[in-house]
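Just so you know, this note's numbering puts 175 at position 150 of the sequence shown, and the rest follows in order with no gaps. For each residue, glycine too, the CB sits at the ideal point set by N, CA and C. The structure displayed is predicted, hence computed values, not measured ones.
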Amino acid sequence: MAKTKRSRRTRPSQTFSRQDQLKLGGIVLLLVALLTTLTLLSSVRGTLTGAWLQLLRTGFGWGAYFLPLLLASIGFWLFLSGMGQTVHISIDTIIGIVLLLISGQGLLHYFAQDPAALARAGGGGGHIGWWISGNLIAALGDLGALTILLLVAAVGLVTVFHISPRRVWEGLVSLAHSLSEAYRHIREAANAYRPPPIDQSAAARVAGAFERPKANAQPNAASAAQAGASHAGGAGLATDLAPGRLDAPDSQWQLPSWEDILVQSTEQELSQAEIRTKVRIIEETLANFGVPGKVVEVNQGPTVTQFGVEPGFVEKKDPTGKLRKVKVKVSSISNLSNDFALALAASPIRIEAPVPGRSMVGIEVPNTSTAMVTLRSVMDSDEFRTKEGRLRIALGQDVAGQPIPADLSEMPHLLIAGATGSGKSVCINAIIACLLFNNTPDDLRLIMVDPKMVELTNYNGIPHLIVPVVVEIERVVATLKWLTSEMQRRYKLFAKVGARHIEAYNASHPSRPDHLPYIVVLIDELADLMMAAPEEAERSICRLAQLARATGIHLVIATQRPSVDVITGLIKANFPARIAFTVFSGVDSRVILDTTGAEQLLGRGDMLYMAADSSKLVRMQGCYISDAELEKLVAHWRGLRSPAPALPGAELTQQPLWEEMIARAAQSAAQDELLDEAEKIIRQKGTASISLLQRKLSIGYSRAARLIDQLEARGVVGPDEGPNRGRQVLTPAPAQATENAEDVEPEADA
Numbered sequence: 026m027a028k029t030k031r032s033r034r035t036r037p038s039q040t041f042s043r044q045d046q047l048k049l050g051g052i053v054l055l056l057v058a059l060l061t062t063l064t065l066l067s068s069v070r071g072t073l074t075g076a077w078l079q080l081l082r083t084g085f086g087w088g089a090y091f092l093p094l095l096l097a098s099i100g101f102w103l104f105l106s107g108m109g110q111t112v113h114i115s116i117d118t119i120i121g122i123v124l125l126l127i128s129g130q131g132l133l134h135y136f137a138q139d140p141a142a143l144a145r146a147g148g149g150g151g152h153i154g155w156w157i158s159g160n161l162i163a164a165l166g167d168l169g170a171l172t173i174l175l176l177v178a179a180v181g182l183v184t185v186f187h188i189s190p191r192r193v194w195e196g197l198v199s200l201a202h203s204l205s206e207a208y209r210h211i212r213e214a215a216n217a218y219r220p221p222p223i224d225q226s227a228a229a230r231v232a233g234a235f236e237r238p239k240a241n242a243q244p245n246a247a248s249a250a251q252a253g254a255s256h257a258g259g260a261g262l263a264t265d266l267a268p269g270r271l272d273a274p275d276s277q278w279q280l281p282s283w284e285d286i287l288v289q290s291t292e293q294e295l296s297q298a299e300i301r302t303k304v305r306i307i308e309e310t311l312a313n314f315g316v317p318g319k320v321v322e323v324n325q326g327p328t329v330t331q332f333g334v335e336p337g338f339v340e341k342k343d344p345t346g347k348l349r350k351v352k353v354k355v356s357s358i359s360n361l362s363n364d365f366a367l368a369l370a371a372s373p374i375r376i377e378a379p380v381p382g383r384s385m386v387g388i389e390v391p392n393t394s395t396a397m398v399t400l401r402s403v404m405d406s407d408e409f410r411t412k413e414g415r416l417r418i419a420l421g422q423d424v425a426g427q428p429i430p431a432d433l434s435e436m437p438h439l440l441i442a443g444a445t446g447s448g449k450s451v452c453i454n455a456i457i458a459c460l461l462f463n464n465t466p467d468d469l470r471l472i473m474v475d476p477k478m479v480e481l482t483n484y485n486g487i488p489h490l491i492v493p494v495v496v497e498i499e500r501v502v503a504t505l506k507w508l509t510s511e512m513q514r515r516y517k518l519f520a521k522v523g524a525r526h527i528e529a530y531n532a533s534h535p536s537r538p539d540h541l542p543y544i545v546v547l548i549d550e551l552a553d554l555m556m557a558a559p560e561e562a563e564r565s566i567c568r569l570a571q572l573a574r575a576t577g578i579h580l581v582i583a584t585q586r587p588s589v590d591v592i593t594g595l596i597k598a599n600f601p602a603r604i605a606f607t608v609f610s611g612v613d614s615r616v617i618l619d620t621t622g623a624e625q626l627l628g629r630g631d632m633l634y635m636a637a638d639s640s641k642l643v644r645m646q647g648c649y650i651s652d653a654e655l656e657k658l659v660a661h662w663r664g665l666r667s668p669a670p671a672l673p674g675a676e677l678t679q680q681p682l683w684e685e686m687i688a689r690a691a692q693s694a695a696q697d698e699l700l701d702e703a704e705k706i707i708r709q710k711g712t713a714s715i716s717l718l719q720r721k722l723s724i725g726y727s728r729a730a731r732l733i734d735q736l737e738a739r740g741v742v743g744p745d746e747g748p749n750r751g752r753q754v755l756t757p758a759p760a761q762a763t764e765n766a767e768d769v770e771p772e773a774d775a
C-alpha cells in the first residue's frame, strides 16, 4: 500500500526588516532620552530611575545633563532612517562630536580641588572626566593637560561646523581690527571733549558755604593738649584723658586703606599627582594594619592638607556567634599617627578623630612648602567683609583654606600662648592692625603693655593710645586698677540711662562728647606680670574679665610660658577664647586648651583656635603682617592731627595721668573712705573700740578693726590695752564735745 505524502506549508518569516529595526531602536532611544530628562528634572524617583540617575552622575558627572540630547539625536536619526528618509552624517562630524565629548568631560573635572570626592559625588566630569584629566595631568602636568584639552575641543568645533583654519584666523584678525577701531574712536571722542567754563562767582559762593568759621577764643587746655600730641618715643604722650573720664573727642578721622598698605598673597597648591600618591599611601597603610578605610575628601590648606578617611567595616562575632559587619573604631585610626608619619615621610602627623560635624577622621599631613597667609588675603575675603561687629579681627585660614574672621567683642577676651618664635607677636600685631584699619580713635582706645620693650613700643605716637606703651612692671597693676575704676564709672553711666551695654548707651548718646569708645588692653607677656605681683594681677584681670564685657573693655593677653602658675585656673576660666601655638609638651597644651595637640604643631603661625562658643579646636595658619606694612600703618595714624589746631602762643598742658593713677591706687589701698567719719565719732565719744565703730557705721568686724589700726597709725588712738577695755583717744576733742562725752561709758571690744 503506497504511502501518501503530506504536503508541508512553509510559514512566512516573523523577523523584522531592517527598517523596522531602525524605527524600533530610534523609538527606544527617544523613550530613554525622555525618561532620563524627567529623572534629572524630577525630585521624586523610584528604585530603577534612582539607580539609573546614580549611574549617569557617577559616570558622566555634570555631563549627564547633555546625555538626553545626544540620545534623542541618535534616536531621531535612527527613526528617520527607518522611515526611508536619508539623513547624511559624515564621519568627520561624528569624530568632532566624540572629540567635543572627551574634551568637555576632561575640562569639567580639570579645575576640581578634590577630583576623587567630586567624582564620587557625581560632579564635574564624573569618573570618565576624572580618568581623562587625571591621566593627562599625571603624564603632561597641569599646564600641558589644559593645553591638550583645549586643542582637542578646538579641533572638535572646527570638525563639527566644518570651519577651515583659514576662516578661523581671518575671523580673529577681523575681531582684533574691530576692537582697535572702537578703542581709537572712543579715545578721539574723549580727547575732543571740553568741559564748559566754570562760573567763578558761583564757585566762590559754594566755597564760602563750606568755609570753616574762625575761632575767636583761645583753646582750652584739653583741646590744646590733644592738638599738640606727637610721637614721643615712649615718653609722655599728650592727651586730654583723665583717669576718671574717658570720652571720645569731637573730631573727624580718615581710616587707612588696607589695599594701599597690605600686600597681596600668592597661593600655592599641591599637584594632583602628589595628592593621589598620598591618598594611595594612606589607604595602603590602613589596609596593612587591618583597618579598612577610604579617603573620601581632601582639603588643602596653607600649612597642612587634611585627608578625610571614612572608616570601613570589619567582621566580628556577636554574642550569638554570628559574623556581623561593624564599623572600625576611631581609636584604631588615631593610634596610627606614627605609622602614617613613617609611610608619608612627614612629621608630625595630627589626627582629628572625628572631624566635627562629619562622619570621617581627618589626617593632617604637612605640606612640602608652607604657603604664607597674608593679612590682606583674609581681610579681602567675603567672610571678613560680611562679618558684623566693631572689633573685627582676622585670625587666619583653616586646613581647607577658608578665611576665619572673629569679633573680639563676642569672645570677649582672648588668651594667646605658645613657645618662643611660634608666632604670638605676629598674631598680636595682626590683631592690632585689624583694629586700626577699622576703627578711629573716637571709637577705639588702646592700652598696650610690653615688658620686653620689643614688640609693641613701635606703636607709640598713634592717637588710639590712652597712654604710651607701658614697659614698667610696677605700673601695670596701677593700669589695671584704673581700668577697674573706669569700668565702674561706665556702669554708673549705664544705670542713669537704663542701658545694659555700651552699644545701647552709645545709641542713646550719638553725640561725641557723651560717646564712649571701646578699650582694648593688650598684654604681651603675662609671666613677667605674674612674677612681679601675682595676687594683684590675677585679682584685677579676673575682675575685668568677669565684668568689663558690657562696658566695652576687652583683654588680649599673651604668654610664652603656659604653666599653671602663670595661667591659673581662675584666669583660664574667664578666657573662653584661646589660641595655642606650638608648645614643647602635651602638659603645656593641656594648660592652654585642656587637651593635647598643640605640641604637634609646626610653628611659624600654625595654631589651634578654641572659640568662645565651642570647645572644638580649629587648626589654622595665622595671618602674617610684615614690619614694612606695620610702619606704613603706624605712619598713617601718626601723621593725622586734630582738625582744630592750637593757635600760636597757646600754652600746651598735659594732665599727669600716671601720677594720679598711682596716687589713687596707693590711697585706695592704704586709706578707708570711712576713716574721717570714724575719727569724728571716736573724738565725740572720747573712747575707741571696734564694737563702737561696728554699731555706728553699720560695718563688719574686719573693716572696723582695720579702721582702728589706721587711726592708731595716724596717732588718733592709743595701742590695744587688752580685752574688755577701750582704746585711749590721744587727741581729745574740743571742750564742749568732751563734756558731752563724760556720761558715756567705755565700750569693750567684742
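Environment of residue i [buried if 16+ CB atoms lie within 10 Å]
i, result
"F609", "exposed"
"A207", "exposed"
"R417", "buried"
"H202", "exposed"
"L125", "buried"
"A242", "In this predicted model, A242 has a pLDDT of only 39, less than 50, meaning its place in the structure is not dependable; the value taken from the coordinates is given anyway. It is exposed - the Cβ of A242 has fewer than 16 other Cβ atoms within 10 Å."
"F235", "With a pLDDT of 41 at F235, under the threshold of 50, the modelled position of this residue cannot be trusted, and the question is left open."
"M385", "buried"
"R209", "exposed"
"D638", "exposed"
"S32", "With a pLDDT of 49 at S32, under the threshold of 50, the modelled position of that residue is not reliable, and the figure given next carries that caveat. Burial call: exposed."
"Y634", "buried"
"A396", "buried"
"S248", "Because the pLDDT at S248 is just 37, under 50, the model does not fix this residue reliably, and the point stays unresolved."
"F462", "buried"
"M108", "exposed"
"I715", "buried"
"W817", "There is no way to answer for residue 817, as the model of the chain reaches only from 26 to 775."
"S640", "exposed"
"T345", "exposed"
"S533", "exposed"
"P559", "exposed"
Beta-carbon gap between residue i and residue j smaller than 8 Å
i, j, result
"A562", "V502", "yes"
"G622", "R375", "yes"
"V320", "E308", "yes"
"I453", "I441", "yes"
"L718", "A738", "no"
"M645", "I388", "no"
"M473", "L569", "no"
"G337", "G318", "yes"
"M632", "V591", "no"
"W278", "D467", "yes"
"A455", "I650", "yes"
"R515", "L490", "no"
Residue(s) in a DSSP beta bridge with residue i
i, result
"M645", "D423 and M632"
"Q753", "T712"
"F332", "V323 and I388"
"E656", "Answer by DSSP bridge pairing: none, since E656 is not bridged."
"T399", "Y649"
"E377", "G387"
"V474", "V495 and I548"
"Y543", "L469"
"V742", "V754"
Cβ-heavy atom distance, residue i to the ligand PLP, below 7 Å
i, result
"L481", "As for the ligand PLP, it is missing from this structure, which has no ligand bound."
Beta strand (DSSP E) segments (min. 3 residues) lying fully within the stretch 566 to 633: 578 to 584 and 602 to 605
The stretch 427 to 444 / the stretch 479 to 486 touching (three or more Cβ pairs under 8 Å): no
The stretch 281 to 291 touching the stretch 396 to 404, judged by at least three CB pairs closer than 8 Å: yes
Runs of alpha helix (DSSP H) wholly within the stretch 334 to 360 (minimum 4 residues, chain order): 355 to 359
Inter-stretch contact (C-beta, 8 Å, three-pair minimum) for the stretch 170 to 179 and the stretch 138 to 153: no
Segment contact, 8 Å Cβ cut-off, at least three pairs: the stretch 653 to 660 with the stretch 475 to 482: no
The stretch 92 to 108 contacting the stretch 45 to 58, beta-carbon criterion three pairs below 8 Å: yes
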